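A.B. asks: Take a look at the following structure, please.
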Amino acid sequence: MGEARRRAAQGLPPRQPKVSTKAVDTSPRVVSWLPLTRNQTQQFMAVTTRGAWIGIGGMVVLWVTVRFIGPAAGWWTLADTP
1 MGEARRRAAQ GLPPRQPKVS TKAVDTSPRV VSWLPLTRNQ TQQFMAVTTR GAWIGIGGMV
61 VLWVTVRFIG PAAGWWTLAD TP
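Using this note's numbering, you'd call the opening residue of the sequence shown number 1 and step up by one each time.
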């Protein structure tokens with residue numbers, strides 16, 4: 001017996017459709033034939049910009065470690081120092 005028949009036999013109302021909790025992006029597309037919206041492009045720019053700054057910060061930390069912290073701690077010597 002199907003769900004609808006069982007509910008009808010028990011005197012229950014039909015099931016209500018599930019309400020979607022996912023927000024639908026209604027912003028216009030960048031190009032009509034490309035499935036990217038303006039909100040998606042702005043989110044992409046925000047994520048890649050943040051990632052670039054994280055990469056720059058990591059590069060600075062690596063450089064400071066190689067140039068100053070490592071030689072000062074005696075882990076290695078620099079090739080350009082006598």
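For each residue, glycine too, the CB sits at the ideal point set by N, CA and C.
Given the structure is predicted, the values throughout are model-derived calculations rather than measurements.
Put ARG29 into one of helix, strand or coil per three-state DSSP.
C.D. replies: Your numbering for residue 29 matches position 29 in the sequence shown. If DSSP states are grouped into helix, strand and coil, ARG29 belongs with the strands.
A.B. asks: Could you tell me how far apart the beta carbons of ARG15 and ARG7 are, in whole angstroms, since I believe they sit closer than 8 Å?
C.D. replies: Here residue 15 is taken as the residue at index 15 of the sequence shown, counted from 1. Here residue 7 is taken as the residue at index 7 of the sequence shown, counted from 1. About 7 Å; that satisfies the 8 Å criterion.
A.B. asks: Nearest-angstrom Cα distance between THR81 and ALA46?
C.D. replies: Counted from its first residue, the sequence shown places residue 81 at position 81. Counted from its first residue, the sequence shown places residue 46 at position 46. Cα to Cα, the separation comes out at about 42 Å.
A.B. asks: What residues match up with THR37 in a beta bridge as DSSP calls it?
C.D. replies: In the sequence shown, the residue the question calls residue 37 occupies position 37. Residue pairing of THR37 in beta bridges, as defined by DSSP: ARG29.
A.B. asks: Have a look at VAL60 and ILE54 and give me their C-alpha separation to the nearest angstrom.
C.D. replies: As a first step, residue 60 must be located in the sequence shown, where it is residue number 60. As a first step, residue 54 must be located in the sequence shown, where it is residue number 54. VAL60 and ILE54: Cα-Cα distance of roughly 10 Å.
A.B. asks: Name the residue from ASP25, GLY57, ALA79 whose alpha carbon lies nearest to the alpha carbon of ARG67.
C.D. replies: As a first step, residue 67 is located in the sequence shown; it is residue number 67 there, counting from the start. Ranking ASP25, GLY57, ALA79 by Cα distance to ARG67 puts ALA79 first.
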